[in-house]
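Protein chains: 2
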Amino acid sequence: MATENAALVGFAQHDHAACIKRALAGAEARCATEGFRLTPARRKVLELLVQSHRALGAYAILDRLRDTGFGSQPPVAYRALNFLVKHGFAHKIERLNAFVACAHPGISHAPAFMICRICNAVAEAQSAPAEGGLGATARAAGFRIEKTVVEAEGLCPACLEQARG
Amino acid sequence: MATENAALVGFAQHDHAACIKRALAGAEARCATEGFRLTPARRKVLELLVQSHRALGAYAILDRLRDTGFGSQPPVAYRALNFLVKHGFAHKIERLNAFVACAHPGISHAPAFMICRICNAVAEAQSAPAEGGLGATARAAGFRIEKTVVEAEGLCPACLEQARG
DNA sequence: ACCTCACTTGTCATGTGATTTCATATCAGA
DNA sequence: TCTGATATGAAATCACATGACAAGTGAGGT
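Which chain is which? The protein sequence lines are L and D, in order. For any residue, its number in the numbering used here is found by taking its place in the first sequence, counting from 1, and adding 3. For any residue, its number in the numbering used here is found by taking its place in the second sequence, counting from 1, and adding 3.
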């Protein structure tokens, strides 16, 4: 049953098994068409991220890689993560020094994140700070924005409920 | 002459000596009225941050502290930095794992930062992501935002000019 | 003046995150 | 098949951050 594999994404339940499959298939397809090499290590790291559906530190990923027979030195994880981030399959959460699978792969991207400070669940949303007040400030200052990090910290619905308990 | 001490703040020149004095006096005043203890170590760290007027890593601060006769273990720096951040005298730049003095102390705060990827200069602006699209998304998702991190990376005016050269 | 409680400091030890370096292996295209 | 670009493995090292504990300092009550 789908509910057995249900997990948290964007703070809502969903069919997780299908979602993992879809994400990996999508990544494979895009790598094929764009000429990227989704090697076993990279694929495995993406799978780990999608599977856990939360922010994972590089060393947590490394542990899981080791258990699966891959190399166990930090660069193994970091190289795969860098590849995934570079091509938009994953994002780094600066606040947590951790990584999440991208929730909207393929779509143009100025991601914003909501991070629960209790359970560390992460939901991805869209943002466009460079088009708002910050963009105007930057233009006025002569600063050219190339990339933005937007991360909101707070309480996810579940932990909020818990806290009210 | 003021220009001798001129330095970068918000990508613009200014009278740095006066600015340092003002920042420290302001912090002292606020600590006095609110009952915080601006101890020598804390004051020194704030001074270092204001003086350098850029993002400093905790260990860079620690080095300077050591040279000035303070303790030389990491917690010395981190404790002072935590105090300063907690009370709004400084901010952490998540992207750089570094700290800057607050440019608008006392004023209510949802800071946004512009970070030059070449020279690491940092300018502080105001933001209100929780009141824009992200706020709406969060409300819809049932997420309660408590704090936001907004950091734009790009090129400051000087480095942009350099790059065009 | 003295006590006491809360807070601050100093230091050691350790945990966590990330990169440099160099040798080796694999793949795609000439 | 050669070659250049890219990917991997492994060792070492660097950078960032916290836990734990003992000792010192300050403000308020008695």
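Don't be surprised by glycine CBs; every beta carbon is placed ideally from N, CA and C. Predicted model, so just to flag it, every value in this text is computed and none were measured.
- [ ] Answer yes or no: do valine 103 of chain D and arginine 45 of chain D have a C-beta to C-beta separation smaller than 9 Å?
- [x] For the pair valine 103 of chain D and arginine 45 of chain D, the CB atoms are not nearer than the 9 Å cut-off.
Open item on the list: Once DSSP output is grouped into helix, strand and coil, what is the label at threonine 140 of chain D?
Closed with: In the three-state DSSP reduction, threonine 140 of chain D falls in the helix class (H, G or I).
Task: Residue-chain proximity (glutamate 37 of chain D, chain L), Cβ-Cβ < 9 Å - done: By this cut-off, glutamate 37 of chain D is not an interface position.
TODO: Return the residue from the list D:Val152, D:Pro108, D:His112 and D:Ala35 that minimises the CA-CA distance to asparagine 100 of chain D.
DONE: Put simply, of D:Val152, D:Pro108, D:His112 and D:Ala35 the residue whose alpha carbon is nearest the alpha carbon of asparagine 100 of chain D is D:Val152.
Open item on the list: Would alanine 26 of chain L and leucine 41 of chain L qualify as a contact pair, given that the criterion is a beta-carbon distance under 9 Å?
Closed with: Taking C-beta atoms as the reference points, alanine 26 of chain L and leucine 41 of chain L fail to come closer than 9 Å.
- [ ] Would you mind stating whether phenylalanine 116 of chain L and glycine 145 of chain D have Cβ atoms separated by less than 9 Å?
- [x] Cβ atoms of phenylalanine 116 of chain L and glycine 145 of chain D: not closer than 9 Å.
TODO: Classify serine 130 of chain D as buried or exposed, calling it buried when 16 or more other Cβ atoms lie within 10 Å of its own Cβ.
DONE: Its Cβ being crowded by 16 or more others within 10 Å, serine 130 of chain D is buried.
Open item on the list: At the 9 Å Cβ level, is serine 130 of chain L part of the contact set with chain D, yes or no?
Closed with: Interface residue, yes.
Open item on the list: Would leucine 49 of chain D and leucine 87 of chain D be called neighbours here (beta carbons separated by less than 9 Å)?
Closed with: Yes, these two residues count as a Cβ contact at 9 Å.
Open item on the list: Please identify the residue among D:Ala20, D:Glu37 and D:Arg67 whose C-alpha is closest to the C-alpha of glycine 109 of chain D.
Closed with: Considering only alpha carbons, the answer is D:Glu37.
Task: With 16 other Cβ atoms within 10 Å as the buried cut-off, status of alanine 21 of chain L - done: Alanine 21 of chain L comes out exposed.
TODO: Enumerate in chain order the residues of its own chain whose CB-to-CB distance from arginine 69 of chain L is below 8 Å, with the five nearest sequence positions on each side excluded.
DONE: Here the set comprises Ser75.
Open item on the list: To the nearest angstrom, how far is the alpha carbon of leucine 163 of chain L from that of arginine 147 of chain D?
Closed with: Those two C-alpha atoms are separated by around 8 Å.
TODO: Below 8 Å CB to CB, which residues in the same chain sit around glutamate 97 of chain D once its five sequence neighbours on both sides are set aside?
DONE: Cβ within range, chain order: Val152 and Glu154.
Open item on the list: Give me, in chain order, the residues of the same chain whose beta-carbon lies closer than 8 Å to that of threonine 71 of chain L; leave out the 5 immediate sequence neighbours on both sides.
Closed with: Apart from the 5 residues on each side of it in sequence, threonine 71 of chain L sits with its Cβ closer than 8 Å to the Cβ of Lys47 in its chain, given in chain order.
Open item on the list: For alanine 166 of chain L, tell me which candidate among L:Cys122, L:Lys24, L:Ala128 and L:Thr140 has the shortest Cα-Cα distance.
Closed with: The option with the nearest alpha carbon to alanine 166 of chain L is L:Cys122.
TODO: Spatial neighbours of alanine 80 of chain D within its chain, please: CB distance less than 8 Å, with the 5 preceding and 5 following residues excluded, ordered by chain position.
DONE: The residues are Val48, Ala61, Tyr62, Ile64, Leu65 and Leu68.
Task: chain D contacts from the stretch 132-159 of chain L (Cβ-Cβ distance under 8 Å) - done: For chain D, the residues of the stretch 132-159 of chain L that bring a beta carbon within less than 8 Å of one of its beta carbons are Pro132, Ala133, Gly135, Gly136, Leu137, Thr140, Ala141, Ala144, Gly145, Phe146, Arg147, Ile148, Glu149, Lys150, Thr151, Val152, Val153, Glu154, Ala155, Glu156, Gly157, Leu158 and Cys159, in chain order.
Open item on the list: Tell me the DSSP secondary structure of threonine 151 of chain L in three-state form.
Closed with: Strand.
Open item on the list: On the DSSP bridge list, what partners appear for valine 125 of chain D?
Closed with: Under DSSP, valine 125 of chain D takes part in a beta bridge, and its partners are D:Ile118.
- [ ] Please work out which residues of its chain come closer than 7 Å, Cβ to Cβ, to alanine 124 of chain D, disregarding the five sequence neighbours upstream and downstream, and give them in chain order.
- [x] The residues are Leu11, Phe14, Arg57 and Cys159.
Task: Short CB-CB distance (under 9 Å) between alanine 9 of chain L and chain D - done: Residue placement at alanine 9 of chain L is flagged as unreliable, the pLDDT there being 37, under the threshold of 50; the coordinate-derived value follows with that caveat. It does not: the Cβ of alanine 9 of chain L has no partner Cβ on chain D nearer than 9 Å.
TODO: Could you have a look at leucine 84 of chain D and say whether DSSP puts it in helix, strand or coil?
DONE: In the three-state reduction of the DSSP assignment, leucine 84 of chain D falls in the helix class, which pools H, G and I.
Task: beta strand (DSSP E) segment containing histidine 94 of chain D, residue limits - done: Per DSSP, histidine 94 of chain D belongs to the beta strand (DSSP E) from 93-96.
Open item on the list: Tell me the DSSP secondary structure of leucine 11 of chain L in three-state form.
Closed with: Unreliable placement is indicated for leucine 11 of chain L, whose pLDDT of 45 sits below 50; no coordinate value is reported for it.
TODO: Confirm, please, whether the CB-CB distance from proline 114 of chain D to histidine 94 of chain D is below 9 Å.
DONE: The answer is yes: Cβ separation under 9 Å.
- [ ] My understanding is that glycine 135 of chain D touches glycine 135 of chain L, with C-beta atoms under 8 Å, so please give their C-beta distance in whole angstroms.
- [x] Going by Cβ atoms, the distance from glycine 135 of chain D to glycine 135 of chain L rounds to 6 Å, so yes, they are a contact pair.
TODO: Since I believe leucine 137 of chain D is in contact with alanine 128 of chain L (beta carbons under 8 Å), could you give me their beta-carbon distance rounded to a whole number of angstroms?
DONE: Contact holds; Cβ gap of about 6 Å.
Open item on the list: Helix, strand or coil, according to DSSP, for threonine 6 of chain L in the structure here?
Closed with: Note on threonine 6 of chain L: pLDDT 33, under 50, position unreliable in the model; the coordinate value appears next. Here threonine 6 of chain L sits in helix by DSSP.
Task: The alpha helix (DSSP H) enclosing alanine 131 of chain D, as first and last residue numbers - done: For alanine 131 of chain D, there is no enclosing alpha helix (DSSP H), as DSSP marks it with neither H nor E.
Open item on the list: Does chain L have any CB closer than 9 Å to the CB of arginine 120 of chain D?
Closed with: With a threshold of 9 Å between beta carbons, arginine 120 of chain D makes contact with chain L.
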